[in-house]
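Chemist: Structure incoming, see below.
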Amino acid sequence: MAVAHGSTASSVLGKSFDAGHKQQTFTEAGWMSSLDSLINKATDATLTQDNWQYNLDVCDKILEDPEQYCSKAIDALRYKLSLKDGNVLLRSLTLLVAIAENCGSRAQQLIATKSFMQLLLSKMRDPQTHREIKTKITTVLAQLDDSFHRDPSLKPVSEAYREVKLSFPQYLAPTKPQKFELKDEDADLRTAIELSLRESQRQQPLPEIPQVEAQPQVQPQAQPQAPAQPQAPAQVQQPQRTFSRVRALYDSFSNDPADLKFHKGDVITVIERVYKDWGKGSLRGVIGLFPFNYVTPLYDPTPEELMQEQLKEQEILSRSADVEKLLVLLTRASNDEESLALTQSEEFKTLYQRVVLIKPELATLIDKYRQRKDDLMDLYGKLKTATISYEEMTDPIKQQQYHYTQQYQQQQVQQQQTGYQPQQVQQQQTGYPQQQVQLQQTGYPQQQQTGQQQVPSQATGNYQQPLNYQQAPYPR
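Using my numbering, read the sequence shown as starting at 104 and increasing by one per residue.
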């Protein structure tokens with residue numbers, strides 16, 4: 104019976120161990136599936152530009168358990184970088200930089216391996232790799248080399264970047280110009296030239312017909328008059344194109360905290376020109392400097408261009424009925440025969456060709472409104488911050504507190520200048536007040552001079568009823 108009981112207990116323990124092991128495995132699988140889903144979301148082929156919120160979500164997930172998740176994330180990136188889809192490759196390279204900068208030394212060690220660097224170099228050597236992807240790989244290696252060069256154990260990154268610079272210099276980003284300050288003479292000369300050009304364009308005279316001056320003396324023979332030259336049409340002055348935003352052509356990263364960090368495709372709002380070849384701009388609420396040779400201006404659209412864009416949007420939206428019709432025809436084909444008959448129909452082919460042409464234009468329109476949404480959200484955030492700051496500054500309670508604070512600081516300055524010390528400071532320098540000193544010395548406070556005094560008893564030493572000075576006997 105004892106043996107049977109023991110075997111039953113061991114079987115129960117075995118079942119509980121198996122259940123716990125299965126639960127732990129299921130939990131780890133759930134975590135890994137969550138990490139994989141985040142990586143797939145950040146490197147999705149439908150993304151036409153980098154989404155840094157998705158990349159930061161991946162980094163946050165990795166930081167929950169770097170020892171376990173770093174290797175899984177790098178393995179997932181290896182698989183993504185082996186694919187042929189251009190959007191997946193570009194998004195994966197951006198995610199690689201995000202992981203390298205935010206996930207600690209463990210992720211950096213896994214990235215700075217010869218096998219991973221060879222994977223990137225193989226893409227550079229492949230003639231079928233698109234130029235934009237090669238440029239992106241070069242930029243990523245430059246950024247990783249700038250971040251890893253202080254650690255000798257991450258040397259493979261520097262070696263890979265050195266090989267890229269020697270073998271593929273055509274894909275390197277341009278060198279950033281130095282920050283030369285604007286001289287007063289250059290600024291004045293530039294301003295004068297701009298004003299003169301503007302004035303000459305504004306007051307450009309029309310071509311005049313040459314006139315024969317009247318001679319004081321009558322000529323003996325009349326000169327034949329030349330045929331009148333046709334008057335040249337007046338030149339229509341083109342409005343000067345202006346811009347307040349620029350689009351990044353390359354990724355820019357710098358260890359200088361004053362420089363603005365941005366990526367290719369980011370739209371920067373121009374604030375002012377600070378140096379000769381540098382400007383100050385704002386991107387996602389961050390203000391910093393950017394080089395002019397890394398950006399291209401986004402000119403404000405003219406009224407004619409705005410009208411053309413509006414007509415183009417209306418034309419794209421008018422195709423929605425054709426898209427619905429195409430989707431209905433495709434969903435009605437329930438078997439292979441109907442599908443084959445549908446694809447051979449001329450009406451279906453014409454409809455499909457008419458609909459598929461708007462796909463790139465629709466993607467461009469989506470990117471345009473996505474960027475406009477980001478601009479509006481950025482503007483709303485700045486306006487909200489400014490409103491809160493204004494309300495705090497104009498709050499009467501805070502204004503009164505500020506007034507009291509100013510008065511207190513002025514009093515402190517006056518006291519330091521005149522050498523005056525308040526009573527509390529004097530007490531701290533001379534010790535306790537007089538009453539507290541007496542308490543420490545005698546153990547009881549000094550009574551007021553009311554004609555009564557506490558007298559200790561000779562036998563017990565305790566205090567007795569105070570005697571009146573007038574009733575006390577005179578000493579003999």
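Positions of the beta carbon are idealized from the N, C-alpha and C atoms, including for glycine.
Ile-371 bridges to which residues according to DSSP?
Modeler: In the DSSP output, where bridge partners are listed per residue, Ile-371 has Val-349.
Chemist: With a CB to CB cut of under 7 Å and the five nearest residues on each side skipped, what residues in its chain are close to Glu-427?
Modeler: Counting only Cβ-Cβ distances below 7 Å, and skipping sequence neighbours, we find nothing.
Chemist: Note down, in chain order, each residue of its chain lying with its Cβ closer than 7 Å to the Cβ of Lys-268, except the 5 sequence neighbours on either side.
Modeler: Excluding sequence neighbours, Lys-268 sits near Leu-275.
Chemist: Look at the alpha carbon of Ile-469 and the alpha carbon of Gln-502, and state the distance between them as a whole number of angstroms.
Modeler: Cα-Cα distance, rounded: 47 Å.
Chemist: With hydrogens ignored, establish whether the beta-carbon of Tyr-507 is closer than 7 Å to any heavy atom of the ligand FAD.
Modeler: With respect to the ligand FAD, the structure shown offers nothing to examine, as it has no ligands at all.
Chemist: Give the C-beta separation of Leu-213 and Ser-195 to the nearest angstrom, bearing in mind that I take them to be a contact with Cβ-Cβ under 8 Å.
Modeler: Their Cβ separation, rounded to whole angstroms, is 15 Å, which puts Leu-213 and Ser-195 out of contact at 8 Å.
Chemist: Counting only the same chain and skipping the five closest in sequence on each side, list residues whose C-beta sits under 7 Å from that of Ile-296.
Modeler: Bear in mind that a pLDDT of 46 at Ile-296, under 50, signals an unreliable position, so the number given afterwards is only what the model happens to contain. Answer for Ile-296: no residue qualifies.
Chemist: Report buried or exposed for Phe-129, applying the criterion of at least 16 other Cβ atoms within 10 angstroms of its Cβ.
Modeler: Annotation note: pLDDT 35 at Phe-129 (below 50); position unreliable, no value reported.
Chemist: Please check the pair Ser-347 and Val-377, which I expect to be a contact at CB under 8 Å, by giving their CB distance rounded to whole angstroms.
Modeler: About 16 Å; that fails the 8 Å criterion.
Chemist: Taking only the alpha-carbon atoms, compute the straight-line gap between Lys-239 and Gln-456 and give it to the nearest angstrom.
Modeler: Spanning the two alpha carbons is a distance of roughly 34 Å.
Chemist: With DSSP as the reference, label Gly-189 as helix, strand or coil.
Modeler: Looking at Gly-189 - three-state DSSP - the assignment turns out to be helix.
Chemist: Alpha carbon to alpha carbon, how far is Pro-404 from Gly-64? Give it in angstroms, no decimals.
Modeler: Because residue 64 is not part of the residues shown, which for the chain are 104 to 579, the question remains open.
Chemist: Using only the alpha-carbon positions, how far apart do Asp-498 and Tyr-507 sit?
Modeler: Near 14 Å, if we compare the C-alpha coordinates of Tyr-507 and Asp-498.
Chemist: Quick one: grab the DSSP three-state call for Thr-467.
Modeler: Thr-467: helix per DSSP, three-state reduction.
Chemist: How big is the Cα-Cα spacing for Ser-137 and Leu-257?
Modeler: The straight-line gap from Cα to Cα measures roughly 29 Å.
Chemist: In or out: Ser-218 buried (at least 16 other Cβ within 10 Å) or exposed?
Modeler: That one is exposed.
Chemist: Can you give me the C-alpha to C-alpha distance between Thr-488 and Asp-380, rounded to a whole angstrom?
Modeler: Spanning the two alpha carbons is a distance of roughly 31 Å.
Chemist: Quick check: what's the CA-CA separation for Cys-162 versus Val-200?
Modeler: Their Cα atoms are separated by approximately 11 Å.
Chemist: Taking the DSSP output, what are the residues bridged to Pro-400?
Modeler: DSSP, once it has assigned bridges, lists Val-349 as partnering Pro-400.
Chemist: Could you check how far apart the C-beta atoms of Leu-401 and Val-349 are, in whole angstroms? I think they sit under 8 Å.
Modeler: Their Cβ separation, rounded to whole angstroms, is 6 Å, which keeps Leu-401 and Val-349 in contact under 8 Å.
Chemist: Counting only the same chain and skipping the five closest in sequence on each side, list residues whose C-beta sits under 8 Å from that of Phe-283.
Modeler: Closer than 8 Å at Cβ, skipping near neighbours: Tyr-378, Lys-379 and Asp-380.
Chemist: Taking 8 Å as the cut-off, decide whether the C-beta atoms of Ala-179 and Ile-202 are in contact.
Modeler: It is not a contact, given that the beta carbons lie outside the stated cut-off.
Chemist: In the DSSP output, which residue or residues are listed as bridge partners for Ser-355?
Modeler: According to DSSP, which records beta bridges pairwise, Ser-355 is partnered with Phe-365.
Chemist: Does DSSP put Arg-376 in a helix, a strand or coil?
Modeler: DSSP places Arg-376 in strand when its eight states are reduced to three.
Chemist: Tell me where the alpha helix (DSSP H) around Leu-247 begins and ends.
Modeler: Taken as a continuous stretch (DSSP letters only), the alpha helix (DSSP H) holding Leu-247 covers 234-251.
Chemist: How big is the Cα-Cα spacing for Leu-150 and Lys-175?
Modeler: Computed Cα separation, rounded: 23 Å.
Chemist: Quick one: what's got a C-beta closer than 7 Å to Tyr-353's C-beta in the same chain, skipping five residues either side?
Modeler: Closer than 7 Å at the Cβ level, and outside the excluded window around Tyr-353, lie Thr-242, Ala-276, Lys-367 and Tyr-397.
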